[in-house]
Structure formats: C-alpha cells, structure tokens
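Asks: Right, I'll just put the structure down here and ask away after.
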Amino acid sequence: MQYSLGDIPVISPFKHVPFPDFQLDYLSNGIPVYSLPNNDYGVLKMEVNVFAGRFFEEKQAVSRTCANLLREGTKARTSAEIARDIDFYGASMQMMGGMDVIKLELYSMTRHFEKVLPVAADVLTAPLFPENELVKYIKRTIQKLQNDLSKNDILAFRALTENIFGLDHPYGYNTKEETLKKISTQDLRNHFLQTFYAENFSVILAGGFPEYFLSILEEAFGHIPKREKVITRPLPTVTGQQINTRIEGKQKYQSSVKLGVRMFDRTHPDYIGLYFTSTLLGGYFGSRLMQNIREDKGLTYDIYSSVDCMRMDGYFMISAEVDNKSVDQTLSEIRIELKKLAEEPVEQEELELVRNYIKGNLLNILNGPINSVELIRLLSIYGLDKTFYDEFIRGIDSIDAKVINELAGKYLDFDNLSLIICGVR
Amino acid sequence: MVKFEKFELENGLKVILNQDDQAPLVAFNLLYNVGSRNEDPQKTGLAHLFEHLMFTGTKMAPDFDTPIQMAGGENNAFTNTDITNYYITVPSENLEIACWLEADRMEHLKLGKRAFDVQKKVVLEEFKETTLNKPFGDVWHHISDMCYKIHPYKWPTIGLAPEHVQAITREDAIDFYGTYYQPDNAIISISGQFHMDETVNMIRKWFGSIKNSSRFSVSQVLQDEKLFTGAQSREVLADVPNDAVFLAYKMPGRAHSDYYAFDLMSDILGRGRSSRLHQRLVKEHTLFSNATAYITGTVDPGLFVVEGNLMKKVTPEEGITAFENELEQLKQEKIQMEELEKLKNKMESSILFSETNISNKAMNLAQYELLGDAGMINRQIELYRAVSAEDIQRVANQIFVPENCSRLLYLKK
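Just so you know, the protein sequences line up as chains W and V, in that order.
Residue numbers are given in my numbering: position 351 of the first sequence equals residue 410, and the series is strictly consecutive.
Residue numbers are given in my numbering: position 77 of the second sequence equals residue 96, and the series is strictly consecutive.
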C-alpha cells in the first residue's frame, strides 16, 4: 500500500517486564527447590545444579568427566538401562560439567515425571564410575578434542582464556589429551564424595508437575547427606596478563580474531553498566561492531562482543571470523570503535535502542515456563532473590551516556585487551 | 491442542492466528514459498542471498532492524531448499510495528546497489565460515550432488560454489523479488498474546492492498526424476581430524503418508542415548566417536541419512559394514513393541515441548499450512502413534537397496 510517514505506527514505550513468580521451598536436608508451575502444555523441565564444577575440582578436567560419567552406571542400573529408562518415557536427560556447577537437565512429559525422576535421582546419588566406561569415554573424548583442535575458532578461544586467567586457573586452563589420560575412576569418586552433598545442591522445577511435588522431590533428594564441615575453596590466583598471541591455524579461508580481558562477576557494581556498554558495542544486530564491520564494510558474517560471568569472575570478549586479508582492517575498525566508545558522547536514541533491546530480550528469555529456568538458575547459583532482577531493570533504565564513556575508558582500552589471531598468515 | 483462526486476503495471502497468553509477547512469522529449489542451476545461492537483501531497507523504513529493536523485539530469518522464513518476536503492544515492516518490505524493497554489494560480501564470508573453512563443511555439496541428478536439491542452499554467488547481479535479485515475494506466495502466522479483531484489522490494513504482480506462476512443477539414482560412491580426501562415513538413501517427500514411518525409523537408529547406533556402534563396539541417522524432511523426495565419525584405527569399510548391518536388521526383523512405544513417546514429548514456545508454534503453523493445512499441527501425535512395526519394516525394504544408496567416504589426508 502507498502510505505517508504519518501512517507509520508509533512504537509503544516499554511496559514492565514481569519476572516469573516462582516459589521457594526447602527439602528436609536444606536443598532449595525453586518451582514455577504452568500446566498448559503437559511438559516440564527439572534442573539440578551442584557446586561441583571446575572451580571445585582438585585435578584438571575431573569435574566434567565426573559429570559425564554419572550416567554411565549406578548401583541399581547399567549405563544402557539408564538410557533406556529415560528414553522409554519420551524424556531426555543432559549432564553438563561447567565452570561452577555440574548440571542435570531433565525434560519430561508431566504424566511420566514420576517414572523418570528416580533415574535422575539415581545418577546424582549412587553413581559407580565403572572403569570400562571411563576408558571408552576418554577414548571418545580425545577424538572429539582432536576434532575441536582443528578449528581456528576453538584454538583462539583456548588461547584467550589462558591469557586472561592463566594456565592453572580453573576458569583459564584447557583440557589436553594428557590431562584426560591422567584421570582415574578414583579421581571421579573423590570428586563426587567431596562435592555432592546437600549444601551444594539446588533444584528448579518449571512447567506441569503435581501439587505434591515436594514430597516426591523429598523422596528423590531429601536423603542426600549434609556435610558437617562445608569445604570452602580459596580464590585461585589469576596469573593471566595482556598478551598478544598469533596461532597458525589449519583452516585456510578465514582467521579467527578474538580480543578479551578479565572483568568481574555479576555482583560487581559496574556489571550492569558494562553489560549495557558491551551490548551497545557488539551485543545485538544493530550494535556498532555489527553495523560497521558487517553491514557497512562486509568484512565478516558475524562479529560480537560479550561479557561472560562465572560465579567468581568474568571476562569481556570481542570475536569474529574474517577473511585472512581483512584481519588488519577489522582490528583497526575495532580500535576506532573502542576509542569512540570511550570518548564520544552517545546519542539518546541509541541509548534508548539498547535499553529496549535488552528488556525485549529479557521478555523473550522469560517466554514460557521452560525458558524461565535460565533466569531462575542465575538467582539460585548466586543465592540472590527477586530484587536482583528489579535492580537489574532499574540499572538498565538509569544508564546514561557518561557512564558508557567512563566504563569504556576504564575497562575497554584496545591495548589492554589480549589479542589472539588464529589463521594462515 | 493448538487452537487457531485462519483466513485468506483477496490477494491470496494466507493468515493463521493462534492466541497464547503465557507472556505479553507475540511471534510474527512470515513464510515465503521459495527456497533454493526455485533457483536457476547457473545462479545457485540466490534465494539465501535474497534473504539477506530483505533486511536492507525501504524508503519508509531505511533500516529494517532499528524499529524492531526500538520496539523491544528481535528478528531473524532462514532459508532452506523449500522456504524462506522470516520471524519477529515483539512485545504485544508493538505488534503493528511488525505488520508494518513486513508489509512494507513485501512491496517496497529498495534493493540499492551499495547494500546489494555489501550483502554479497557478507554472504561470501558466510560461505567461507560455514562451508569452505569448516572441517566437513562441504559434505552436503557431495551428498546432494550424488543423490539428485536433475532436481535443484542437487545443490545446498548456500549455493553450489562461491563463484555462483559472486556472479549474481542486482538485476537477478530484482527479478527474483518480483517473481516470488508476492502475497499469494506467502503465509503469515502469529502466535502469542494479542487481540483477535484488532489483529485481523491490522493485517487487512497493512497487507490487504498489496497486489500480486508476479510475472509467472510460481507453482512451477519441478522436473521429476527417478526416485533411485543408482548406486553411487565417492571418496573425498581433506584436511579433517578424522575419517567419517555417510550413507544416503532417497525417500518420499514430506506430504507422503509414509513420512511418519521413515521419521520413526531414523529415530530407531539415531535418537537419544538408547538408540541403536549409539548403544551398539558408539558405546559397545567403539567404532564411531558419534553416529546418528536422520531424514531431511523436504517437500519433494528427500534423504534418509546415516552418518558417523570413525574412531582411529577403524577402517571406513568397517564403519560402512556396521551401518549396513543395522539397516539390514531393520529390513529383516520387525521392531519390538517396547522400542516402538519408546520412539512414539519421544516424538510426542518433542511435539509437546515445541508448543511451549510461541516462535516455534508460529513457524510450525505456517509450515503445515504450506503443506496444505495448518490443522495438521494437531494431528501429528496421532499420525506417529498410528505407525506399526510392519510399516517400518516395509519402508526399510523399500529404500535400503543397493540401487538407492549413495555413500560418501570423507577421509583424513
């Protein structure tokens, strides 16, 4: 249709972004249970987080191996029986070994939840870590590792985390073949015994589940013992520093370019401001890096910046895959953008755009009970309450142009970032 | 049960509306019935390049993304062999922004020279990133080329080669736009929280007056080709970290009544940790580091693919033989009721999970409408439930024959 500018619909200002009204209960051994009921779809997601990730391990790569071996046999079930008992009811169960937690995700139809819950409880409470399963797992994992190491992007990322945190830091080290070969079933058992106790557990339940969910969760996890003395870990020393690294990559057509620097965890007073600044710089399609380097110059298919936070630390990163010939041009444009971010005033309209994008993105994450688990997990891991969320929204609303300049000046000087280039020279 | 209303505008644009009040958010999905299957064999990659061009602005909306982001929304698109699909999620109060922008670019896309040149460069970088620079990145170039002789599924959506994308002209793009981006070649579907009557009026207002100006009918009948193309084999040596093997078999298209049996059959082999390939070939015999099976699910006859990465010291022949033994067993032995029940439970579960998300729901409604009836979304579970062990054995015997097998050995140099 032909229409005039006056006909263009007016954008409505942002309404409140409602945070899901979850309930918090405790099992008899103190394990917190976050629940968010919604029975419209006949399905649910249960997530169990245990503080047993890399940060809590005594030997490298043990936590992730432990996470993956939990499902490979228990006192009651073999590995194949565990797979069968989950799959038969149409459920799926994923185990993940992360930086801070080992996570179990269980997706199930509501009507079969009580049949698959005991299997999830079994792997989290009575794993056997069979020798033969470990041997096979290591063999498969080494091959996947070799596969990963043929990718420029992965080589660059590994170098970056080492530069930022150091080779021995739980958030910095990278698993090598030798690391994996040194792992024994005894290591896994030790790690399990030292970390899988009640104080380290939390449970999130979202979707359709019975009203008596607390009693079935009590049966599943209420018997997990508490620890008389909780083990605390000293903060590991960060030995990383600003280093530029050039790596010869195997992939011929493009180079992977990454820049990064250590930041802080989510409770730091500058977190919200930096999150905003990074979003404006490279966190969405309309961001400066994307508009300049992709949409104006066509140098890359994707470029982004992000602030990634772990429980005790965090880092900022810029990442792109570009033609080998365009590496220098890309870097000089990134330098220009960072300088601009620190020195030039940000227009009100751009601030408004980023504000709305961030809130809209939250609304999207909170779309549906299953998705909401993402945000509830964040609160549960940090032990935060719902006020954190309101503070976050208030923080996003109050950022002004001056804050952006200050934070960019304070944290995002190009020459303070470690630069990794992986590709063919 | 997904409840929806459906109507068609005078210009042939189909509209499907599904109310879902879980969040103050709407998903606006616009499907164009055009994919790489509509491309000229000499100008492959155009459908996907065109998807990029759809974001390059009009006179009234010089930048497509800014108003959406300002409205708190997100948007993206994808192209495959059959369709090009655009989707926006936006807070409910800004639904009209999505209507306006989509209607505007259906009719008034500028297709300026500079934007065209930049997006061509971006797509060439995407070609490198996803295909040339990635280990095993060109596997689908080989498989498609073996399995199809005439049909445009012969090349992947990214394009046959970067040179094809490089050679596409702005005039080609303008022509493509005029041919395929027409109201009678599109389906709108909306899912989320919205007011029914207001939304119907909004759609009439923005899309109702767009005229069809297509120069020829898009319901072109693609040249048919024989289902079986004869036994094929290809060996590729490349700089990859391990050897991998692929078996591909032609099977009927998405609308065929046997589709559900084929889909479940691929699940027997490849879905979940209790699947046969994972339990036997990955876990028990350690022949593969991972192995799976799936179907392409295309509108025209598609492919049933079995693939796996071989462990060191396992020869490609051993891998192929292990796969063929599994397929032979599907032909010889009827699947047990317990295993079949498992597959159906898995399928039901994944259908129910897909309905928890308004974007997925909107997308699925549009795709079922393209196949003939959006209402199919509510019959999927029963159609999968109706598959018998005999059906699976029958379809296995139908396609797992030597003259229908294309094998690809992708080996480490």
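From the three backbone atoms N, C-alpha and C, an ideal C-beta is built for every residue, glycine too.
For the stretch 438 to 479 of chain W, list the beta strand (DSSP E) runs that are entirely contained and at least 3 residues long, ordered along the chain.
Replies: Correct list: empty.
Asks: For asparagine 211 of chain W, I'd like the list of residues in its chain whose CB is within less than 6 Å of its CB, leaving aside the five on either flank, ordered along the chain.
Replies: The answer, listed in chain order, is Gly308, Gln310, Ser315, Cys481 and Gly482.
Asks: Check whether the stretch 274 to 281 of chain V touches the stretch 169 to 188 of chain W, taking contact to mean three or more Cβ pairs, one atom from each stretch, closer than 8 Å.
Replies: They do not touch, by the three-pair rule.
Asks: Does DSSP put asparagine 88 of chain W in a helix, in a strand, or in coil?
Replies: Asparagine 88 of chain W falls in the coil class under three-state DSSP.
Asks: Write down every uninterrupted run of the alpha helix (DSSP H) in the stretch 175 to 238 of chain V whose length is 4 residues or greater and which is fully enclosed by it, in chain order.
Replies: Listed in chain order, they are 181 to 186, 189 to 199 and 215 to 226.
Asks: Glutamine 313 of chain W: beta carbon under 7 Å from a heavy atom of the ligand GTP?
Replies: Only the bare structure without any ligand can be found here, which leaves the ligand GTP out of the picture.
Asks: Of all Cβ atoms in chain W, is any one closer than 8 Å to the Cβ of isoleucine 193 of chain V?
Replies: So, not an interface residue.
Asks: CB-CB under 6 Å to phenylalanine 115 of chain W, same chain, minus the five flanking residues each way: which ones, in chain order?
Replies: Closer than 6 Å at Cβ, skipping near neighbours: Thr254.
Asks: Nearest-angstrom Cα distance between glutamine 201 of chain V and glycine 272 of chain V?
Replies: Distance between the alpha carbons of glutamine 201 of chain V and glycine 272 of chain V is about 25 Å.
Asks: Compute the beta-carbon to beta-carbon distance between histidine 327 of chain W and valine 121 of chain W, rounded to the nearest angstrom, for a pair I have assumed lies under 8 Å.
Replies: Not confirmed; about 29 Å, so no contact.
Asks: From this set, W:Ala111, W:Arg143 and W:Ile306, which residue's C-alpha is nearest threonine 291 of chain W's C-alpha?
Replies: Per the Cα distances, W:Ala111.
Asks: Could you pull the start and end residues of the alpha helix (DSSP H) that isoleucine 223 of chain W belongs to?
Replies: Counting along the chain, the alpha helix (DSSP H) containing isoleucine 223 of chain W begins and ends at 211 to 224.
Asks: Are at least three pairs of beta-carbons, each pair with one atom in the stretch 349 to 364 of chain V and one in the stretch 396 to 409 of chain W, less than 8 Å apart?
Replies: Segments in contact, no.
Asks: Between methionine 168 of chain W and chain V, is the shortest Cβ-Cβ distance under 8 Å, so that the two count as touching?
Replies: Closer than 8 Å: yes.
Asks: In angstroms, rounded to a whole number, what distance separates the CA positions of valine 240 of chain V and asparagine 57 of chain V?
Replies: Its pLDDT being 48, under 50, valine 240 of chain V is placed unreliably by the model, and nothing is read from it.
Asks: For the 8 Å Cβ check, are there 3 or more pairs between the stretch 248 to 267 of chain V and the stretch 386 to 393 of chain V?
Replies: Contact between the stretch 248 to 267 of chain V and the stretch 386 to 393 of chain V is absent, because fewer than three Cβ pairs lie under 8 Å.
Asks: Between the C-alpha atoms of arginine 404 of chain V and lysine 365 of chain V, what's the straight-line distance to the nearest angstrom?
Replies: Computed Cα separation, rounded: 11 Å.
Asks: Using a Cβ-Cβ distance under 8 Å, would glycine 92 of chain V count as near chain W?
Replies: Taking Cβ atoms only, chain W reaches closer than 8 Å to glycine 92 of chain V, which makes this a yes.
Asks: Is the Cβ of glutamate 374 of chain V closer than 8 Å to any Cβ of chain W?
Replies: Interface residue, yes.
Asks: Going along chain V in order, which residues have a C-beta closer than 9 Å to the C-beta of methionine 155 of chain W?
Replies: Under the 9 Å cutoff, chain V gives no residues; its nearest Cβ is about 14 Å from methionine 155 of chain W.
Asks: Exposed or buried, which one is threonine 389 of chain W when buried takes at least 16 other CB atoms within 10 Å?
Replies: Result: buried.
Asks: Which residue or residues does DSSP assign as beta-bridge partners of glutamate 106 of chain W?
Replies: According to DSSP, which records beta bridges pairwise, glutamate 106 of chain W is partnered with W:Glu164 and W:Ile263.
Asks: What do you reckon, are the CB atoms on lysine 104 of chain W and tyrosine 148 of chain W nearer than 8 Å?
Replies: It is not a contact, given that the beta carbons lie outside the stated cut-off.
Asks: Whole angstroms are fine: how far does the CA of glutamate 115 of chain V sit from the CA of isoleucine 424 of chain W?
Replies: Rounded to the nearest angstrom, the two C-alpha atoms are 22 Å apart.
Asks: Between methionine 330 of chain V and chain W, is the shortest Cβ-Cβ distance under 8 Å, so that the two count as touching?
Replies: Yes, its Cβ sits closer than 8 Å to a Cβ of chain W.
Asks: Tell me the rounded alpha-carbon separation between methionine 155 of chain W and leucine 437 of chain W.
Replies: Taking the straight line joining both Cα atoms gives about 16 Å.
Asks: Residues of the stretch 368 to 389 of chain W with a CB closer than 9 Å to any CB of chain V: list them in chain order, please.
Replies: If the cut-off is 9 Å between Cβ atoms, the stretch 368 to 389 of chain W has Glu380, Val381, Asp382 and Ser385 near chain V.
Asks: With a threshold of 6 Å on Cβ separation, who are the neighbours of serine 238 of chain V within its own chain once the five nearest residues in sequence on each side are excluded?
Replies: Confidence at serine 238 of chain V is low in this model, with a pLDDT of 49, below 50, so its placement is unreliable and the value that follows should be read with caution. So no residue of the chain qualifies.
Asks: Does any CB atom of chain V fall closer than 8 Å to the CB of proline 68 of chain W?
Replies: So yes, proline 68 of chain W belongs to the interface.
Asks: Run down chain V in chain order and give the residues with a C-beta less than 9 Å from the C-beta of glutamate 164 of chain W.
Replies: Result: empty, since nearest Cβ-Cβ is about 12 Å, beyond 9 Å.
Asks: Would you check if the distance between the CB atom of serine 439 of chain W and the CB atom of asparagine 88 of chain W is smaller than 8 Å?
Replies: No, the Cβ-Cβ distance between serine 439 of chain W and asparagine 88 of chain W is not below 8 Å.
Asks: Per DSSP, which one or two residues make a beta bridge with glycine 319 of chain W?
Replies: W:Met376 and W:Ser477, per the DSSP bridge assignment.
Asks: Would you say phenylalanine 78 of chain W reaches chain V, if we count a Cβ-Cβ gap shorter than 8 Å as a contact?
Replies: Chain V contact via Cβ: absent.
Asks: Which partner residues does glutamate 254 of chain V have in the DSSP bridge list?
Replies: DSSP output for glutamate 254 of chain V lists V:Leu428 as bridge partner(s).
Asks: Who pairs with isoleucine 35 of chain V in a beta bridge, going by DSSP?
Replies: BP columns for isoleucine 35 of chain V point to V:Lys25 and V:Ser208.
Asks: So glutamate 131 of chain W and glutamate 192 of chain W are in contact, right, with Cβ under 8 Å, and what is the actual spacing, rounded?
Replies: Rounded, the Cβ-Cβ distance is 4 Å, consistent with contact.
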